[in-house]
Structures are given as structure tokens and as C-alpha cells.
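S.K.: Handing you a structure now.
2 protein chains.
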Amino acid sequence: MEEVKRASLEELTGFVNNVLKAVDADNEQARVFTEALIWSDLIGRPTHGVWRLPAYAKRIARGLIKCPCQPEYDQLDFAVAVMDGDEGLGHYLGHEAMIHSIELARKFGIGAVGVRNSNHFGTGAYYVHLAAEHGMMGVAVSNSISKVAPHGGIRAVFGTNPFAFGAPRSNGKSIMLDMATTAIAGAQVMRYAEQGRALPEGIAIDPEGNPILDPSRVDEGVLLPFGGAKGYGLTLMIEILSSVLTGAMFSTGVNSMFNNFEESGKNGHFFIAIDVSRFMDLDSYFERIEELLSLVKNSGKEKNNVMIPGEARWEQYEKNLELGVPLDDSTIKALQGLADQYRIPADFLA
Amino acid sequence: MEEVKRASLEELTGFVNNVLKAVDADNEQARVFTEALIWSDLIGRPTHGVWRLPAYAKRIARGLIKCPCQPEYDQLDFAVAVMDGDEGLGHYLGHEAMIHSIELARKFGIGAVGVRNSNHFGTGAYYVHLAAEHGMMGVAVSNSISKVAPHGGIRAVFGTNPFAFGAPRSNGKSIMLDMATTAIAGAQVMRYAEQGRALPEGIAIDPEGNPILDPSRVDEGVLLPFGGAKGYGLTLMIEILSSVLTGAMFSTGVNSMFNNFEESGKNGHFFIAIDVSRFMDLDSYFERIEELLSLVKNSGKEKNNVMIPGEARWEQYEKNLELGVPLDDSTIKALQGLADQYRIPADFLA
Numbered sequence: 015m016e017e018v019k020r021a022s023l024e025e026l027t028g029f030v031n032n033v034l035k036a037v038d039a040d041n042e043q044a045r046v047f048t049e050a051l052i053w054s055d056l057i058g059r060p061t062h063g064v065w066r067l068p069a070y071a072k073r074i075a076r077g078l079i080k081c082p083c084q085p086e087y088d089q090l091d092f093a094v095a096v097m098d099g100d101e102g103l104g105h106y107l108g109h110e111a112m113i114h115s116i117e118l119a120r121k122f123g124i125g126a127v128g129v130r131n132s133n134h135f136g137t138g139a140y141y142v143h144l145a146a147e148h149g150m151m152g153v154a155v156s157n158s159i160s161k162v163a164p165h166g167g168i169r170a171v172f173g174t175n176p177f178a179f180g181a182p183r184s185n186g187k188s189i190m191l192d193m194a195t196t197a198i199a200g201a202q203v204m205r206y207a208e209q210g211r212a213l214p215e216g217i218a219i220d221p222e223g224n225p226i227l228d229p230s231r232v233d234e235g236v237l238l239p240f241g242g243a244k245g246y247g248l249t250l251m252i253e254i255l256s257s258v259l260t261g262a263m264f265s266t267g268v269n270s271m272f273n274n275f276e277e278s279g280k281n282g283h284f285f286i287a288i289d290v291s292r293f294m295d296l297d298s299y300f301e302r303i304e305e306l307l308s309l310v311k312n313s314g315k316e317k318n319n320v321m322i323p324g325e326a327r328w329e330q331y332e333k334n335l336e337l338g339v340p341l342d343d344s345t346i347k348a349l350q351g352l353a354d355q356y357r358i359p360a361d362f363l364a
Numbered sequence: 015m016e017e018v019k020r021a022s023l024e025e026l027t028g029f030v031n032n033v034l035k036a037v038d039a040d041n042e043q044a045r046v047f048t049e050a051l052i053w054s055d056l057i058g059r060p061t062h063g064v065w066r067l068p069a070y071a072k073r074i075a076r077g078l079i080k081c082p083c084q085p086e087y088d089q090l091d092f093a094v095a096v097m098d099g100d101e102g103l104g105h106y107l108g109h110e111a112m113i114h115s116i117e118l119a120r121k122f123g124i125g126a127v128g129v130r131n132s133n134h135f136g137t138g139a140y141y142v143h144l145a146a147e148h149g150m151m152g153v154a155v156s157n158s159i160s161k162v163a164p165h166g167g168i169r170a171v172f173g174t175n176p177f178a179f180g181a182p183r184s185n186g187k188s189i190m191l192d193m194a195t196t197a198i199a200g201a202q203v204m205r206y207a208e209q210g211r212a213l214p215e216g217i218a219i220d221p222e223g224n225p226i227l228d229p230s231r232v233d234e235g236v237l238l239p240f241g242g243a244k245g246y247g248l249t250l251m252i253e254i255l256s257s258v259l260t261g262a263m264f265s266t267g268v269n270s271m272f273n274n275f276e277e278s279g280k281n282g283h284f285f286i287a288i289d290v291s292r293f294m295d296l297d298s299y300f301e302r303i304e305e306l307l308s309l310v311k312n313s314g315k316e317k318n319n320v321m322i323p324g325e326a327r328w329e330q331y332e333k334n335l336e337l338g339v340p341l342d343d344s345t346i347k348a349l350q351g352l353a354d355q356y357r358i359p360a361d362f363l364a
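One line per chain: the protein sequences are A and B, in this order.
Last residue of the first sequence? That's 364 in our numbering, and every number before it is there in order.
Last residue of the second sequence? That's 364 in our numbering, and every number before it is there in order.
Okay, here's the thing in C-alpha cells:
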């Protein structure tokens, strides 16, 4: 049996707060960030969870992420808006932008908010679930540091550009589609490397176009979009919405949160919220969506052959809320490093 | 050298008009349909072009597609609307709905229109290009007759549910991403069958979950989404937007335009338009998008290794406008059948 180290939600939150306090980020924006970060661990996406805290803390300490930042809407025009994120925490800016999209959708039926001058925003699922909690369907997309070649290409143009879509369910466990538009998520490559495992083919190619199987060599080449030309098309769409349209940087203009400690991330995001209740009353909607989802769940040979997007996440969420947030070895190492660096008590890591 | 039979745009349009006249559909709605149908042939998507005319004509003649129909907006609520399509031509209703989305976006910055009680709407690219011609980004999605299993499933729940995204370019040749969310488009399967070619693996499975390679046997099993769980997630999103949210039928509630000549299609669609000029002036946008596209075009080993979504379509479009609309053998056979049935002169087919 696998033995998993777990921390209580309170202990982990307290520790993250202490780290943020140590880098002079003791404010409301940091609290939104902390909640979004740990939520990633809770739903079983540790690649976007507290494992990243050392990089965020270092960036905040160096002023590459401003916390607090002073975001400004430079356009407030009926159902759409663009926010200049002032190089703040991507999670905070994303949360603000989705909340504003929801407010616009409440007023106009649909609302869209673009963000520029932001940083890595974590898990797209967080924002679309936020929309779903308000009875809305949500879309959240972001560009990221360029390491993905277009279909047919050998040079990086795009980031792993995640696409997220969410829709409410009456049980509160939102449908959450959240995917990198690469054959593999960027953070997954790092995990392969940490764990010393070889990559499958179709993930990355070297400058000659040959497959790269050694995850530590991925930086010598580029990642590939999922599904060939189709995934490439989606990646391009995401880059257009989140950067071209918002005025954010794109391609090599976006900076790595792990490798560039001289400049802000300069990411762009784009959020859409659609108010379900403007199309039909919520009860009719819930009835219809459950009818569709039950067809989906019953389409397999056996029960649970088919999962609803988000379903496995919510199972993890409930389990982790009950048993504690799982911390794998690399996460424990990352947090222990912060505890040592900032002399913060971290008995829960022992 | 391949010899391709071509018809002049005028001849082909005249012939389609005559067929529609023969089934008592001589009106403005039929003219929008004809333009959209032939546009598919012009951009090199013959699977959605005049090859389908026999099925449309038969459906109109039987009253399964009403032409004219009397669509009604049962909700007109700021930036969103839902249209009851009155079982009209999907192309006409799609055109109306996208034009209305564009009007809403002109007013509010973004607009969305859902359609229910429609029929197969042809090529999604047609609608997103329409948005792009108006300086807008556009999204067009539709559900369709159920023949696709969710990832992990063996029974059909979804249609091939196309996803289309368009964005304007200053040269008028819009970016047009237009893809089935299956590993292969439904119409392509029919073409494989007509041409007696075997399907690759990963396209379709039989009721036991084994690959189907014989295209004529696809109806015994189900198609698979592209890109595994990711394509499945997109298909589910499209089904939710175009049917759950609009009140349209879904899954087995949608009827085949080729196999069911007793009932209307009952398809649902969903359109979004985003007014670029509300985010930045169009000149700045054009500069930014061309900068990104030039990075994309130059990411290959050689020129034209990488194509912009829609680029190959526009090349075909220009060639076909100049040389005439290409008609392959199965299309000629389909049109000749109509010529014989309705005693319409069709010298251009000889």
C-alpha cells in the first residue's frame, strides 16, 4: 500500500500564509492566491498546487509579482472589459476577472473580461468552478511561456495554453473541463523529470523534428499540441483571445516563472461567463444536464468506465478534505526548503 | 495528372436554385442556404457542399425542413438570445443567428445566440467567417446525430459536434478553425465508404470496443472523439451549449438527415461574436495578429510546413473562383440524380 503524507488544511494554509508574510505579502490578494493554490492540491492537481510556492515566493520577494498589485480596467464597456493586471498574482487577477465576468453576465446574459500584465494563473478549473457556483457556465483560457510548436512546425510559438470550461450541477460538483492544449501539461513534464521516467512519443520533438523521450531534454526542443492540427487550432485561438485581444505579450514575450527571475510573467488571460438562468430557469437546466450526464455515465461497458470532466477531481476533493491534503516527496522537499529559508515552523512536514 | 470536373459558379448556383424551385423552396431563405452550401464547395469542403443537395431537397419536399420557416426569438435579453428555428434550413437559421450575435456584440461587445429546432447547419467556418467579415471573432458550435461515444465508453451519446472559431485578418482571409470533435468527420466516413478505402485505427469501435476498419460497418459501432479525454470534453461542452442550454434535442433526440426521412433534424446550435474594436482599435489588432501569425508561419523547417487554420481553404477558394467549382464523381452522380428526378437541364454535368 502506498503511504501518502497528508497535511491538514489548516496547517498547510497557515504555513503558506507564513511564507507569504515572510516575503511581505500579508494581504487580501495573497489570501485569494493561497485559497486557489491549495484548492489545486485539494482537487488532485498537485502540479499547480503548493509545490509551486517556492517559485511564487521568490518572485514576490523580488518584486516580479506585485502583491498587492493595483489592477485597473482600462476599458469598461457594457459586457466586455480589459484589465491591466499591474504584474500581480495571476490567481488574484484571474479571480477578480472571473468575478467581474460573472457580474457582467448577470447584467447582460454574457460577459467577457481579458487580462494583460498578469502572471501564471494556476488551474483554469478554479475559475470555471467559480462561475458554476454562481449558476453560470464559464470559460477560462490563458497563454503561457512559449514551448509548443504549431502542427507541422519545429520551433516554439505557443505556451501549453490551457482551456477550461465549466458548467453548474445541482449537487455543486461542477463539470470542470481543464486541459493543456499540448499532448502533455508543462508541469507534467517536470514531474516526469523529477521521477526519472521516460516520455511517450508524440509529446516533444528536437530541433530536427525527432521525438524526445528524456524529459530532462525537453528544453532542447519543443512540445507538440494534442490531436495534431485540431489541438494546434485551439492553442492558436487561446493565444489570440488571451494575448492578441487583451494587449498581453505573446510567444517569447511571456516569461517562465521557474527560469526567468529578472522579469514579470506578462501572461494574458481571457474569461467568459454565461448566465444559465437567462436561457431557461435553473431547475429545467439541472434536469436537462443530468439527463445528458446520465446518458454519458451509462455509455460504458461497466460503471465508471466513463467519467464526467471534473468527476475524478471532486472524488479527490472530498477524500482530501476528509483525510488531509496529500503532499508527495517533491512537494515536501519544496516546502521544507521554504521552512528552512524563512525559519518557519513546519512540524507537519516531518 | 488528376482530371477534375468543374462547374462555373453561375451554372451551379442556377442548378441548385432550380432544384429548390422544384421542391417549392423559391425564397430568400433558400438563397442564403444555396450560398452557404456552395461556399463549402468553394473553400474545398465538398463533404458539406452540393453533394448533400439530394438529402436537403428530399427533406424540404417532405416538409421535414420548412422553407420558408418562421423562426422566433423566445428570449431577447440584452446580449443573449434563443431562437426557435421552426424546423427551418440550418444554414439559414445559422446565418440569422450569427448576424444577430454580431448585432448584439456591436451593442454590448459580446453577444451569444442559441438555436433550437434547427437542422444540419453545414460548415461552421461559414458562420465564423461571417463574424470575421464584420470585424468580430466568432464561435459556432452545433450538435448532430448521436454516433460518438464518450472517452472510455462504447455507446453513442454525442454527434460529431463541430467546433468553429474565426478571427479577422486585414487581407479578408479570416482565420477559420473548423473541426469535428471526432477523430474523423462523419461526412469523411461516408467518403471512405464511397471510395472503398479502409479506416485507420482509433476512428471507430464496435459494440465490444474493438476497432472498426471497414467504413461501411461504422453504423454497427460508434465513432471516437479526437485526442481521447480532451476531445471528449470539448464534445460534451458543445452538446451542453448547443442543446442543453438552448432547449434543443440532444443525443438520440437528434435525427439523421440521411437516414431518417420521417422527422425533422431537431439540431441545436450556439453562436458567439466578440467585437474586436471594443478591445483595441482594429489597426492595432491587425498588427498584433499578423505578428503572431508570422511567428507561426516561420516555425517550420520549410515555408508552408505550417498552415494557418483556414489558409488552405482560402487557397482553394481563390483557385475555385477562378477555375470553377470542382465536382467529384459522387457529387456529379448526386446532382445528375436530381436533374433526372426533377427534369432539370444539367449540361454542365456532362
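The beta-carbon is built from N, C-alpha and C at its ideal position, and this holds for glycine as well.
Could you tell me which of B:352, B:360, B:363, B:357 sits nearest to residue 70 (chain B), measuring between CA atoms?
M.R.: Within the second sequence, residue 70 (chain B) is the residue found at index 56, counting from 1. The candidate whose alpha carbon is nearest that of residue 70 (chain B) is B:352.
S.K.: Any chance you could list the alpha helix (DSSP H) runs of at least 4 consecutive residues sitting entirely within the segment 37 to 90 of chain A, in chain order?
M.R.: DSSP runs (the alpha helix (DSSP H)) wholly in the segment 37 to 90 of chain A: 42 to 56, 67 to 75.
S.K.: Are the beta-carbon atoms belonging to residue 64 (chain B) and residue 55 (chain B) less than 8 Å from one another?
M.R.: Mapped onto the second sequence, residue 64 (chain B) falls at position 50. Mapped onto the second sequence, residue 55 (chain B) falls at position 41. The answer is yes: Cβ separation under 8 Å.
S.K.: Once you ignore the five residues that flank residue 34 (chain B) on each side, which residues in its own chain have a CB closer than 6 Å to its CB?
M.R.: Numbered from 1 along the second sequence, position 20 holds the residue referred to as residue 34 (chain B). Result list for residue 34 (chain B): 44, in chain order.
S.K.: What is the DSSP secondary structure of residue 168 (chain A), counted as helix, strand or coil?
M.R.: In the first sequence, the residue the question calls residue 168 (chain A) occupies position 154. Here residue 168 (chain A) sits in coil by DSSP.
S.K.: Would you decide whether residue 164 (chain B) is buried or exposed? Buried here means 16 or more other CB atoms lie within 10 Å of its CB.
M.R.: Start at 1 with the first residue of the second sequence, and residue 164 (chain B) comes out as number 150. Per the 10 Å Cβ criterion, buried.
S.K.: Residue 451 (chain B) and residue 156 (chain B): beta carbons closer than 8 Å?
M.R.: The first residue shown for chain B is 15 and the last is 364, placing residue 451 (chain B) beyond what the model contains.
S.K.: Over what stretch of residues does the beta strand (DSSP E) that includes residue 177 (chain A) continue unbroken?
M.R.: By one-based count along the first sequence, residue 177 (chain A) stands at place 163. Run containing residue 177 (chain A): 177 to 181, per the beta strand (DSSP E) assignment.
S.K.: What's the C-alpha gap between residue 360 (chain A) and residue 199 (chain A)?
M.R.: Within the first sequence, residue 360 (chain A) is the residue found at index 346, counting from 1. Within the first sequence, residue 199 (chain A) is the residue found at index 185, counting from 1. When rounded, the distance between both Cα atoms is 30 Å.
S.K.: For residue 15 (chain A), collect the residues of the same chain with a Cβ closer than 6 Å to its Cβ; drop the 5 residues on either side in sequence, then sort them by chain order.
M.R.: As a working note, residue 15 (chain A) is residue 1 in the first sequence. Confidence at residue 15 (chain A) is low in this model, with a pLDDT of 47, below 50, so its placement is unreliable and no value can be given for it.
S.K.: Have a look at residue 284 (chain B) and residue 142 (chain A) and give me their C-alpha separation to the nearest angstrom.
M.R.: Walking along the second sequence from the start, residue 284 (chain B) turns up at place 270. Walking along the first sequence from the start, residue 142 (chain A) turns up at place 128. Answer to the nearest angstrom: the Cα atoms are 19 Å apart.
S.K.: Beta-carbon within less than 7 Å of residue 291 (chain B)'s beta-carbon, same chain only, minus the 5 sequence neighbours each way: which residues are those?
M.R.: As a position in the second sequence, residue 291 (chain B) is number 277, starting the count at 1. Answer for residue 291 (chain B): 149, listed in chain order.
S.K.: Does the separation of the CB atoms of residue 346 (chain B) and residue 32 (chain B) fall below 8 Å?
M.R.: Residue mapping note: residue 346 (chain B) aligns to position 332 of the second sequence, counting from 1. Residue mapping note: residue 32 (chain B) aligns to position 18 of the second sequence, counting from 1. Going by C-beta atoms, residue 346 (chain B) is not nearer than 8 Å to residue 32 (chain B).
S.K.: Against residue 310 (chain A), what residues of chain B qualify as contacts under a CB-to-CB distance less than 8 Å, listed in chain order?
M.R.: Taking the first sequence and counting its residues from 1, the one referred to as residue 310 (chain A) is at position 296. Neighbours of residue 310 (chain A) on chain B, chain order: 164, 167, 171, 250.
S.K.: Between which two residues does the beta strand (DSSP E) containing residue 263 (chain A) stretch?
M.R.: Within the first sequence, numbered from 1, the residue matching residue 263 (chain A) stands at position 249. Where residue 263 (chain A) is concerned, there is no enclosing beta strand (DSSP E), given that its DSSP letter is neither H nor E.
S.K.: Is there at least one Cβ from chain A nearer than 8 Å to residue 130 (chain B)'s Cβ?
M.R.: Here residue 130 (chain B) corresponds to residue number 116 of the second sequence, with the count starting at 1. Cβ-Cβ to chain A under 8 Å: no for residue 130 (chain B).
S.K.: Can you tell me which of the three DSSP states residue 355 (chain A) falls into?
M.R.: On the first sequence, position 341 is the one that residue 355 (chain A) refers to. The answer is helix: DSSP assigns residue 355 (chain A) an H, G or I state.
S.K.: Alpha carbons only, please: which of A:140, A:307, A:219, A:237 is nearest the one belonging to residue 197 (chain A)?
M.R.: Reading the first sequence from its first residue, position 183 is the one you call residue 197 (chain A). Looking at the Cα atoms, A:237 is the closest of the given residues.
S.K.: Tell me whether residue 308 (chain A) is buried or exposed, calling it buried when 16 or more other Cβ atoms sit within 10 Å of its Cβ.
M.R.: Position 294 of the first sequence, counted from the first residue, corresponds to residue 308 (chain A). By the neighbour-count rule (16 or more Cβ atoms within 10 Å), residue 308 (chain A) is not buried but exposed.
S.K.: Could you name the residues of the same chain whose beta carbon sits closer than 6 Å to that of residue 82 (chain A), not counting the 5 residues immediately before and after it, in chain order?
M.R.: Mapped onto the first sequence, residue 82 (chain A) falls at position 68. The residues are 41, 43.
S.K.: Report yes or no: do the segment 165 to 184 of chain B and the segment 209 to 216 of chain B share at least 3 C-beta pairs separated by less than 8 Å?
M.R.: Result no; under three Cβ-Cβ pairs closer than 8 Å.
S.K.: Between residue 26 (chain A) and residue 57 (chain A), which are expected to be in contact by the criterion C-beta below 8 Å, what is the C-beta distance as a whole number of angstroms?
M.R.: Numbered from its first residue, the first sequence carries residue 26 (chain A) at position 12. Numbered from its first residue, the first sequence carries residue 57 (chain A) at position 43. In fact, because the Cβ distance is near 14 Å, the residues do not count as touching under 8 Å.
S.K.: Would you report the Cα separation of residue 190 (chain B) and residue 323 (chain B), rounded to the nearest angstrom?
M.R.: Taking the first residue of the second sequence as position 1, residue 190 (chain B) is located at position 176. Taking the first residue of the second sequence as position 1, residue 323 (chain B) is located at position 309. Their backbone Cα atoms lie some 5 Å apart in a straight line.
S.K.: Contact defined as beta carbons within less than 8 Å: I believe residue 241 (chain B) pairs with residue 167 (chain A). What is the distance between those atoms, to the nearest angstrom?
M.R.: Taking the second sequence and counting its residues from 1, one reaches residue 241 (chain B) at position 227. Taking the first sequence and counting its residues from 1, one reaches residue 167 (chain A) at position 153. About 18 Å separates the two Cβ atoms, so there is no contact after all.
S.K.: What's the C-alpha gap between residue 334 (chain A) and residue 152 (chain A)?
M.R.: Within the first sequence, the letter at position 320 stands for residue 334 (chain A). Within the first sequence, the letter at position 138 stands for residue 152 (chain A). One C-alpha to the other measures close to 25 Å.
S.K.: Excluding the five sequence neighbours on either side, which residues of its own chain have a C-beta within less than 7 Å of the C-beta of residue 170 (chain B), listed in chain order?
M.R.: Translated into the one-based positions of the second sequence, residue 170 (chain B) becomes position 156. If we look at residue 170 (chain B) and ignore the five residues flanking it on each side, its Cβ neighbours are 160, 161, 162, 163, 236.
S.K.: Here's the rule: buried if 16 or more other CB atoms are within 10 angstroms of the residue's CB, otherwise exposed. What is residue 76 (chain B)?
M.R.: Position 62 of the second sequence, counted from the start, is the residue given in the question as residue 76 (chain B). By the neighbour-count rule (16 or more Cβ atoms within 10 Å), residue 76 (chain B) is not buried but exposed.
S.K.: Enumerate in chain order the residues of its own chain whose CB-to-CB distance from residue 356 (chain B) is below 7 Å, with the five nearest sequence positions on each side excluded.
M.R.: Position 342 of the second sequence holds residue 356 (chain B). So the list reads 33, 36, once near-sequence residues are dropped.
S.K.: How about residue 319 (chain B): is its C-beta nearer than 8 Å to some C-beta of chain A?
M.R.: Translated into the one-based positions of the second sequence, residue 319 (chain B) becomes position 305. Yes - at least one Cβ of chain A is within 8 Å of the one on residue 319 (chain B).
S.K.: Is the beta carbon of residue 275 (chain B) less than 8 Å from the beta carbon of residue 72 (chain B)?
M.R.: The count along the second sequence starts at 1 and reaches residue 275 (chain B) at position 261. The count along the second sequence starts at 1 and reaches residue 72 (chain B) at position 58. Contact flag set, yes.
S.K.: Would residue 253 (chain A) be called buried (16 or more neighbouring beta carbons within 10 Å of its own) or exposed?
M.R.: For the purposes of this step, residue 253 (chain A) is taken as residue 239 along the first sequence, with counting starting at 1. Its Cβ being crowded by 16 or more others within 10 Å, residue 253 (chain A) is buried.
S.K.: DSSP beta-bridge partners for residue 289 (chain A)?
M.R.: Locating residue 289 (chain A) in the first sequence gives position 275, where the first residue counts as 1. Answer by DSSP bridge pairing, in chain order: A:150.
S.K.: Is the shortest distance between the beta-carbon of residue 154 (chain A) and the beta-carbons of chain B less than 8 Å?
M.R.: Locating residue 154 (chain A) in the first sequence gives position 140, counting from the first residue. No - not a single Cβ of chain B is within 8 Å of the one on residue 154 (chain A).
S.K.: In the structure shown, what three-state DSSP assignment does residue 221 (chain B) receive?
M.R.: Counting from one through the second sequence, the residue named residue 221 (chain B) turns up at place 207. Correct three-state label for residue 221 (chain B): coil.
S.K.: Can you say whether residue 281 (chain A) is buried or exposed, counting buried as having 16 or more other CB atoms within 10 angstroms of its CB?
M.R.: Taking the first sequence and counting its residues from 1, the one referred to as residue 281 (chain A) is at position 267. Residue 281 (chain A) should be labelled buried.
S.K.: Please go through the same chain and pick out, in chain order, the residues whose beta-carbon is closer than 6 Å to the beta-carbon of residue 340 (chain A), but skip the five residues on each side of it.
M.R.: Numbered from its first residue, the first sequence carries residue 340 (chain A) at position 326. Closer than 6 Å at the Cβ level, and outside the excluded window around residue 340 (chain A), lie 18, 20.
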